[in-house]
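Working notes, structure below.
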């Protein structure tokens, strides 16, 4: 496991004393005199250096015997980007655990290891080397912190909170909560909290954050019947995860607090960890704008809060990208609307016109080319690409989740007919949450770099590693601006 050195400790204590928000989510501090661990932005009196122990994540701090602070609430700290991981394999396992893949019936380490293509023993070893705790300890910390948040922010019964946080046993939840935090779940409540059938949360983000650019980008590509916006500046969309279905409302942000509003319908609460993971990917909440700006330099200076518009579902994003090949965004949306109307299942929402779920891969995998091409009015070649893509996802030969290996997935995508480097890298950028994709052959990128060929554009983009996805986003943004007056 990567640990902090003595020199690191001095820097981290200085950041703690300054309550430097740039370090929030980068480390936690355990205070030996109190037995509590805090975020670097905590407003309590700064502890003495000799009383501080620094940790990279909450599971590590709790494994060392520290309890989370009730004032700064470590469960609210912003997340990190995939590129920050000490091990891709360990990070893939951690992302799956955070999304609740060790919760519920049929879940467990053997199944998780199999999905990652490794043995259970190897998973335990690489995970402990990367994070300093076992996968089970990591999962328990994630469940406890989510339960702690729900206790503070909702008026739900403790039984419901235990279930939504991923605990299969109420007795186990009470016992683990008491042993880790030293008090009962009921005593953790901060007040009445929010009631009702939906859940409202504030998700942490790092500033600067350009919600306007992000939401406009997403709404330009919005699937008719599946995504829309409202007068309050929120992004509304339907969502299906497994057998759970419903809707989410995202935004707008509170930039002073550094949070983004989220509302989740009752139908999605049984898969809440997976919903939160999907929303973080959709809004790119793991982005570290400071690190991106330092690498991109002048390219990012005019829009330092720009984010990658992500996706809640890899198959949906892949289909969207294929439909956008060599056509306008408006034409692609027209095709997407026909696809959703023909093959998407109906769902109830509070908003007229927002009434379809995106079709599952299984719904397209069994189609013949003429049926899909005829109902959506697609070219046969493109219909064949979508059917092959759906078949790969439905048969689990292809993984388009954020924990998939980017290089292997990009290579596998390009083996499919109708998918080249541009499509594969756009999918990696937005579905795999990969910050270092480069959509090779993109004519706008080549033009913005001086009308250079694809090979030269790729060579110049090397200077922006490991944030080439953000470089592409900034170049696309600049290309969309009106010409400057001399």
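Numbering (the UniProt record's numbering), first residue to last: 1 to 486. We put the CB at the ideal spot given by N, CA and C, even for glycine. Note that the coordinates shown come from a computational prediction; the quantities given were computed from them, not determined experimentally.
- Query: According to the neighbour-count rule (16 or more other Cβ atoms, all chains shown, within 10 Å of its Cβ), is residue 395 buried or exposed?
  - Reply: Residue 395 sits at position 395 when you count from the first residue of the chain shown. Answer is exposed; the Cβ neighbour count stays below 16.
- Other residues of its chain near residue 321: CB distance less than 7 Å, five sequence neighbours each side excluded: Start at 1 with the first residue of the chain shown, and residue 321 comes out as number 321. Within the same chain, residue 321 has close Cβ partners 423, 426, 427.
- Along the chain, which unbroken stretches of the alpha helix (DSSP H) at least 4 residues long are found entirely within the stretch 308-345? Counting whole runs of 4 or more residues, the stretch 308-345 contains the alpha helix (DSSP H) stretches 314-323, 329-343.
- Item | Every unbroken alpha helix (DSSP H) inside the stretch 97-178 [4 residues or more] | If only complete runs of 4 or more residues are kept, the stretch 97-178 shows the alpha helix (DSSP H) at 109-116, 120-131, 135-153, 158-164, in order along the chain.
- Along the chain, which unbroken stretches of the alpha helix (DSSP H) at least 4 residues long are found entirely within the stretch 401-431? Runs found: 406-413, 421-430.
- Candidates 22, 27, 17, 20: closest to residue 5 by CA position: Walking along the chain shown from the start, residue 5 turns up at place 5. Closest option to residue 5, Cα to Cα, is 27.
- Task: My understanding is that residue 333 touches residue 221, with C-beta atoms under 8 Å, so please give their C-beta distance in whole angstroms.
- Result: Sequence index remark: in the chain shown, residue 333 carries index 333 (1-based). Sequence index remark: in the chain shown, residue 221 carries index 221 (1-based). With 8 Å as the limit, residue 333 and residue 221 qualify as a contact, their Cβ atoms being about 7 Å apart.
- Where residue 198 and residue 267 are concerned, what is the direct C-alpha to C-alpha distance, given to the nearest angstrom? In the chain shown, residue 198 corresponds to position 198, counting from 1. In the chain shown, residue 267 corresponds to position 267, counting from 1. Their Cα atoms are separated by approximately 9 Å.
- Message: Between residue 88 and chain D, is the shortest Cβ-Cβ distance under 7 Å, so that the two count as touching?
- Response: Protein chain content of the structure displayed is limited to a single chain, and chain D is not contained in it.
- Item | residue 378 to residue 293 span [Cα, whole Å] | For the purposes of this step, residue 378 is identified with residue 378 of the chain shown, where counting begins at 1. For the purposes of this step, residue 293 is identified with residue 293 of the chain shown, where counting begins at 1. So the alpha carbons of these two residues sit roughly 40 Å apart.
- Is the beta carbon of residue 432 less than 7 Å from the beta carbon of residue 406? Translated into positions along the chain shown, residue 432 becomes position 432. Translated into positions along the chain shown, residue 406 becomes position 406. For residue 432 and residue 406, yes; Cβs fall inside 7 Å.
- Note the first and the last residue of the continuous beta strand (DSSP E) segment covering residue 263. What you label residue 263 is simply residue 263 of the chain shown in a count that begins at 1. Counting along the chain, the beta strand (DSSP E) containing residue 263 begins and ends at 259-264.
- What's the C-alpha gap between residue 19 and residue 43? In the chain shown, the residue the question calls residue 19 occupies position 19. In the chain shown, the residue the question calls residue 43 occupies position 43. In this structure, the alpha-carbon of residue 19 lies about 8 Å from that of residue 43.
- Given a threshold of 16 other Cβ atoms within 10 Å of its Cβ, counted over all protein chains shown, does residue 48 qualify as buried or as exposed? In the chain shown, residue 48 corresponds to position 48, counting from 1. Residue 48 is exposed by the Cβ-count criterion.
- Item | Per-residue DSSP class, three states only, for residue 227 | Taking the first residue of the chain shown as position 1, residue 227 is located at position 227. Three-state DSSP puts residue 227 in a strand.
- Query: Should residue 238 be labelled buried (16 or more other beta-carbon atoms within 10 Å of its own) or exposed?
  - Reply: Within the chain shown, numbered from 1, the residue matching residue 238 stands at position 238. So residue 238 ends up on the buried side.
- Where do the ends of the beta strand (DSSP E) carrying residue 238 lie? As a working note, residue 238 is residue 238 in the chain shown. Per DSSP, residue 238 belongs to the beta strand (DSSP E) from 235-241.
- Query: With contact counted as at least three CB pairs below 8 Å, one residue from each stretch, are the stretch 54-66 and the stretch 365-374 in contact?
  - Reply: Between the stretch 54-66 and the stretch 365-374, the count of C-beta pairs closer than 8 Å stays below three; the two stretches do not touch.
- Under the three-state DSSP convention, the category residue 306 falls into: Position 306 of the chain shown, counted from the first residue, corresponds to residue 306. Collapsing the DSSP output to three states places residue 306 in coil.
- Item | Same chain, Cβ closer than 7 Å to residue 126, five either side skipped, listed in chain order | On the chain shown, residue 126 is found 126 positions in, with the first residue counted as 1. Cβ within range, chain order: 87, 89, 90.
- Query: residue 163 to residue 169, Cα distance in whole Å?
  - Reply: As a working mapping, residue 163 is identified with position 163 in the chain shown. As a working mapping, residue 169 is identified with position 169 in the chain shown. Going by the C-alpha atoms only, they are around 8 Å apart.
- DSSP state of residue 211, grouped into three classes? Sequence index remark: in the chain shown, residue 211 carries index 211 (1-based). Here residue 211 sits in helix by DSSP.
- Query: Between residue 362 and residue 315, what straight-line distance do the alpha-carbon atoms span, to the nearest angstrom?
  - Reply: The residue given as residue 362 occupies position 362 in the chain shown. The residue given as residue 315 occupies position 315 in the chain shown. Separation of residue 362 and residue 315 (C-alpha to C-alpha, rounded to the nearest whole angstrom) is 11 Å.
- Item | Spatial distance of residue 76 from residue 204 (CA atoms) | Within the chain shown, residue 76 is the residue found at index 76, counting from 1. Within the chain shown, residue 204 is the residue found at index 204, counting from 1. Whole-angstrom Cα-Cα distance: 6 Å.
- Message: In whole angstroms, give me the CA-to-CA distance for residue 281 and residue 36.
- Response: Translated into the one-based positions of the chain shown, residue 281 becomes position 281. Translated into the one-based positions of the chain shown, residue 36 becomes position 36. In this structure, the alpha-carbon of residue 281 lies about 30 Å from that of residue 36.
- Message: Let's see if you can read the secondary structure: which residues bound the beta strand (DSSP E) around residue 276?
- Response: Locating residue 276 in the chain shown gives position 276, counting from the first residue. That residue, residue 276, is in no beta strand (DSSP E); its alpha helix (DSSP H) goes 272-282.
- Message: Can you tell me which residues form a DSSP beta bridge with residue 247?
- Response: Walking along the chain shown from the start, residue 247 turns up at place 247. Answer by DSSP bridge pairing, in chain order: 238.
- Query: In whole angstroms, what is the alpha-carbon distance linking residue 376 and residue 415?
  - Reply: Your numbering for residue 376 matches position 376 in the chain shown. Your numbering for residue 415 matches position 415 in the chain shown. Roughly 25 Å separates the two Cα atoms.
- Query: Can you tell which of 233, 93, 209 has its C-alpha closest to the C-alpha of residue 256?
  - Reply: Taking the chain shown and counting its residues from 1, the one referred to as residue 256 is at position 256. Comparing Cα-Cα distances from residue 256 to each of 233, 93, 209, the minimum goes to 209.
- residue 456, buried or exposed, once every other Cβ within 10 Å from all chains shown has been counted against 16: Within the chain shown, the letter at position 456 stands for residue 456. By the neighbour-count rule (16 or more Cβ atoms within 10 Å), residue 456 is not buried but exposed.
- Express the C-alpha separation of residue 349 and residue 71 in angstroms, rounding to a whole number. The sequence position of residue 71 within the chain shown is 71, counting from 1. The sequence position of residue 349 within the chain shown is 349, counting from 1. If I take the Cα positions, the gap works out to 36 Å.
- Across which residues does DSSP place residue 470 in a beta bridge pair? Numbered from 1 along the chain shown, position 470 holds the residue referred to as residue 470. Per the DSSP secondary-structure output, residue 470 pairs with nothing in a beta bridge.
- Item | Run of the beta strand (DSSP E) containing residue 31, from where it starts to where it stops | Indexing the chain shown from 1 puts residue 31 at position 31. 28-31 is the span of the beta strand (DSSP E), which, as asked, contains residue 31.
- Task: Could you check what DSSP says for residue 254 in three-state terms: helix, strand or coil?
- Result: Translated into positions along the chain shown, residue 254 becomes position 254. Here residue 254 sits in strand by DSSP.
- Would you check if the distance between the CB atom of residue 143 and the CB atom of residue 167 is smaller than 7 Å? Taking the chain shown and counting its residues from 1, the one referred to as residue 143 is at position 143. Taking the chain shown and counting its residues from 1, the one referred to as residue 167 is at position 167. Yes; because the gap between Cβ atoms is below 7 Å, this pair is in contact.
- So, is residue 298 buried or exposed, given that buried needs 16 or more other C-beta atoms within 10 angstroms? For the purposes of this step, residue 298 is taken as the residue at position 298 of the chain shown. Counting Cβ neighbours within 10 Å, residue 298 comes out exposed, since fewer than 16 surround it.
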